[in-house]
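In UniProt numbering, the protein residues as written are 1 to 292.
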């Protein structure tokens, strides 16, 4: 019986685990090894680690956690979760069963990207979702925003801080006169032809044959937890402008007593810095729940 079972060993899960290990609590991490930012070459905006390879960050963090004697790390996929506060059981795809007094879902999210040829191959390399994470390196160049909903107007207005912007509606919505006026007032070009595919570094090929080259592209994918294991336990979900996430309160506890959630799967918006901070807070609150 562990004090806490953490499902997901990426940044949020490891940040939570660090707090628990330093409180001399026993923790088992179950990790499928699928970091959301595994496609990125460098991570930006994290104080003291700006520009560092995110895979190197993860390896360093795991090595530091493994120096604590109360950690056990299981590489595998958590498929089932059952039980109640003080006696949960997690089942992996390999058939192993692990018991814990508390659960933490740090499962991350899956990105539902626009169905545009060539986009998946460029995700995290020349197509991004967060200008705070990747905008500076585009050197105030020509930037494109591929719409996924009317909220993409807000994204285009934000991305304008990092360069000259073209907003591709791509059939996601039809801008009204007020929206057109707002975009024009901010010198944001509006392109309503459908996007056929992406080529080269960040070249948009339109359905009418035109080709527009950019320093980088942005889009806002809808997200949902990368694993359904929290739903299997019965945790409530909620809808946000960014997609579906696990519902939590201020202490990061879910609708199931004793089960907590943190990171991208349980908060919005998303960034590496925010995921680490959310995980650290969840770890502290988990520890408090074991004490009081």
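Ideal placement from N, C-alpha and C gives every residue a C-beta, glycine not left out.
Self-check item: Residues near residue 77 by beta carbon distance below 7 Å, same chain, minus five either side
Solution: Residues of the same chain with a CB within less than 7 Å of the CB of residue 77, apart from the 5 flanking positions on each side, are 32, 92 and 93 in chain order.
Exercise. Could you say if the stretch 266-279 and the stretch 34-54 meet the contact criterion of at least three C-beta pairs nearer than 8 Å?
Key: The stretch 266-279, when compared against the stretch 34-54, does touch it at the 8 Å Cβ threshold.
Exercise. Go ahead and pull the three-state DSSP assignment for residue 21.
Key: Note: residue 21 maps to helix in three-state DSSP.
Practice problem: Would you mind reading off the limits of the beta strand (DSSP E) that contains residue 244? | Solution: First-last of the beta strand (DSSP E) with residue 244: 243-246.
Quiz item: Near residue 229, which residues of its chain fall below 8 Å by C-beta distance, leaving aside the five closest residues on each side in sequence?
Solution: Closer than 8 Å at the Cβ level, and outside the excluded window around residue 229, lie 7, 78, 79, 80, 81, 90, 105 and 107.
Quiz prompt | Helix, strand or coil at residue 98 [DSSP, three-state] | solution = In the structure shown, residue 98 sits in a strand (DSSP, three-state: E or B).
Quiz prompt | Distance CB(residue 167)-CB(residue 151) smaller than 9 Å | solution = No; because the gap between Cβ atoms is not below 9 Å, this pair is not in contact.
Exercise. Quick one: give me the first and last residue of the beta strand (DSSP E) that residue 81 is part of.
Key: Run containing residue 81: 78-84, per the beta strand (DSSP E) assignment.
Self-check item: Those runs of the beta strand (DSSP E) which lie wholly inside the stretch 93-140 and span at least 3 residues
Solution: Qualifying beta strand (DSSP E) stretches, in chain order: 97-105 and 109-112.
Quiz item: Given a threshold of 16 other Cβ atoms within 10 Å of its Cβ, counted over all protein chains shown, does residue 95 qualify as buried or as exposed?
Solution: Here residue 95 is exposed: its Cβ has fewer than 16 other Cβ atoms, across all protein chains shown, within 10 Å.
Quiz item: Since residue 2 is in the beta strand (DSSP E), which residue starts that stretch and which ends it?
Solution: Bounds of the beta strand (DSSP E) holding residue 2 are 2-7.
Practice problem: Along the beta strand (DSSP E) that carries residue 198, what are the first and last residues, could you check? | Solution: For residue 198, the enclosing beta strand (DSSP E) starts and ends at 195-199.
Quiz item: Which residues in the same chain as residue 23 place their Cβ atom closer than 6 Å to its Cβ, once the five residues preceding and following it in sequence are excluded?
Solution: Sequence-distant partners of residue 23 (beyond 5 residues in either direction) whose C-beta falls short of 6 Å from its own C-beta, in its chain, are 287.
Quiz item: Which same chain residues, not among the five before or five after residue 188, have their C-beta less than 8 Å away from its C-beta?
Solution: So the qualifying residues of the chain are 156, 157, 160, 165, 166 and 167.
Quiz item: Excluding the five sequence neighbours on either side, which residues of its own chain have a C-beta within less than 7 Å of the C-beta of residue 241, listed in chain order?
Solution: Answer for residue 241: 151, listed in chain order.
Quiz item: Going by beta carbon distance, what residues of the same chain come within less than 8 Å of residue 194, once the five residues before and after it are set aside?
Solution: Result list for residue 194: 170, 171, 206 and 207, in chain order.
Quiz prompt | Nearest-angstrom Cα separation, counted from residue 147 out to residue 134 | solution = About 18 Å.
Quiz item: With C-beta atoms as the reference, is residue 2 less than 9 Å away from residue 62?
Solution: No. Outside cutoff.
Practice problem: Could you give the DSSP three-state label for residue 209: helix, strand or coil? | Solution: Shown here, residue 209 sits in coil according to DSSP, grouped into three states, outside any helix or strand.
Quiz item: Taking just the CA atoms, how far does residue 204 sit from residue 141?
Solution: Inter-residue distance for residue 141 and residue 204 is about 15 Å (C-alpha atoms, whole angstroms).
Self-check item: Beta-carbon proximity list for residue 83, same chain, < 7 Å, skipping 5 on both sides
Solution: Counting only residues of its own chain and dropping the five nearest sequence neighbours on each side, residue 83 has a CB closer than 7 Å to the CB of 89.
Quiz prompt | Check whether residue 145 and residue 219 have beta carbons under 9 Å apart | solution = Cβ atoms of residue 145 and residue 219: closer than 9 Å.
Quiz prompt | residue 47 (DSSP reduced to helix, strand or coil) | solution = Looking at residue 47 - three-state DSSP - the assignment turns out to be coil, as it is neither helix nor strand.
Self-check item: Best match in 29, 197 and 130 for proximity to residue 118 [C-alpha to C-alpha]
Solution: Here the closest residue by C-alpha is 197.
Quiz item: Tell me the DSSP bridge mates of residue 31?
Solution: In DSSP, residue 31 forms a bridge with 75.
Quiz item: Roughly how many whole angstroms lie between the Cα atoms of residue 283 and residue 185?
Solution: Approximately 46 Å between the Cα atoms of the pair.
Self-check item: In DSSP terms, what residue 229 is bridged to
Solution: Per DSSP, none; premise fails for residue 229.
Self-check item: Range covered by the beta strand (DSSP E) that runs through residue 189
Solution: Unbroken beta strand (DSSP E) run through residue 189: 189-191.
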